[in-house]
Amino acid sequence: MQIALFGATGGTGRQVLAQALEQGHTLTALARDPTTLDPRDGLTTIGGDVLDPKAVATCVEGAEAVICVLGSRGRQAPIESPGTARILAAMQEAGVRRLVVVSSLGVGDSRAQIAWPFRLVMDLMLKSILEAKVQQEQLVKASGLDWVIVRPGGLTDGPRTGAYRFGVDPTLKSGRIARADVADFVLRQLTDDTFLHQTPAVT
Ligand SMILES: NC(=O)c1ccc[n+]([C@@H]2O[C@H](COP(=O)([O-])OP(=O)(O)OC[C@H]3O[C@@H](n4cnc5c(N)ncnc54)[C@H](OP(=O)(O)O)[C@@H]3O)[C@@H](O)[C@H]2O)c1
């Protein structure tokens with residue numbers, strides 16, 4: 032499958048990239064600094080910001096599916112909502128329907144699935160990012176596309192285990208999960224319709 036990837040230089044994005052290539056997919060990745068991605072067979076990189084509609088359109092062109100693993104880094108204004116708006120517009124324009132987006136447990140109706148100390152941290156320290164993720168999910172849900180919103184628990188850099196829990200059961204509580212396992216689940220959503228138009232947790 033030809034995949035357009037946003038957030039390829041991030042922790043989870045690098046795992047998505049590596050596993051997708053292993054699985055025989057080809058990717059076009061948009062990156063602000065594409066030199067941080069090693070050249071690989073099956074990978075095309077495009078230098079640019081996700082806020083640049085032209086760069087996003089170039090990345091999405093010819094794709095059969097889009098994966099969005101954008102995250103807000105450092106002191107930048109939250110990117111999730113404005114970045115996703117550009118991606119959705121490009122997908123609509125290009126007629127690409129399949130979208131897998133990584134959000135977070137604790138967003139929207141999953142608030143009760145995270146422990147109260149983390150709820151407090153989110154409310155006090157990550158308020159603007161949380162709001163951007165709520166808006167991001169709303170935009171995706173209203174897009175009319177074939178979307179899956181993946182909500183991971185706390186991310187680690189551990190190895191891929193395949194031993195994670197997932198699903199839409201609201202009693203599923205947040206725990207840690209390796210970025211490599213999130214990538215594994217994300218890639219499954221490209222062809223599996225079990226969670227189409229849903230917001231599964233992975234933890
Ligand atoms: N940390 C946790 O425990 C946790 C828990 C649940 C969910 N999440 C969410 O899971 C997702 C993945 O997390 P992560 O830690 O793997 O991500 P990350 O390492 O922070 O990577 C974020 C990615 O977004 C890209 N990006 C940011 N602004 C951009 C822009 N304007 N244009 C183009 N690209 C841009 C970054 O590119 P650059 O390399 O150019 O900066 C990077 O590739 C995030 O949405 C995060 O909020 C995190």
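Quick note on the working numbering: the sequence shown kicks off at 32 and runs consecutively.
All C-beta atoms in this analysis are idealised placements derived from N, C-alpha and C, irrespective of residue type, glycine included.
Here the structure is a predicted model, which is why all the values come from computation and not from measurement.
Best match in the options for proximity to residue i [C-alpha to C-alpha]
i: G55; options: V81, R71, A108; result: R71
i: R196; options: V133, G184, G105, G102; result: G184
i: E241; options: F37, G73, A62; result: Missing from the structure shown is residue 241; the chain here goes from 32 to 234 and no further.
i: G198; options: L136, P65, R128, K164; result: L136
i: D212; options: S159, G38, S112, T234; result: T234
i: T75; options: S112, V97, D223, T57; result: T57
i: R191; options: Q169, A232, D215; result: D215
i: V97; options: V179, L151, G189; result: V179
i: T222; options: D140, A108, R128, L157; result: R128
i: T67; options: R142, A194, A209, L48; result: L48
i: K85; options: R117, D154, M32; result: R117
i: E92; options: A121, V171, R219, I110; result: A121
i: H228; options: V171, L186, V217, M32; result: V171
Residue i CB to nearest heavy atom of ligand 1 below 7 Å
i: S141; result: no
i: D80; result: yes
i: T192; result: no
i: A88; result: no
i: P109; result: no
i: L61; result: yes
i: A39; result: yes
i: L58; result: no
Distance cut-off 7 Å: residue i Cβ against heavy atoms of ligand 3
i: G42; result: As presented, the structure is devoid of ligand 3, carrying ligand 1 as its sole ligands.
Subject >> Residue ranges of each alpha helix (DSSP H) within the stretch 80-107, 4 or longer >> reply: DSSP runs (the alpha helix (DSSP H)) wholly in the stretch 80-107: 84-91.
**OP:** List in chain order: all unbroken beta strand (DSSP E) runs of 3+ residues lying wholly within the stretch 165-216.
**Re:** Runs of the beta strand (DSSP E) inside the stretch 165-216: 177-183, 185-187, 207-209.
**OP:** Kindly confirm or deny that the stretch 156-175 and the stretch 202-209 touch, where touching means at least three C-beta pairs closer than 8 Å.
**Re:** Cβ pair count under 8 Å is below three, so no.
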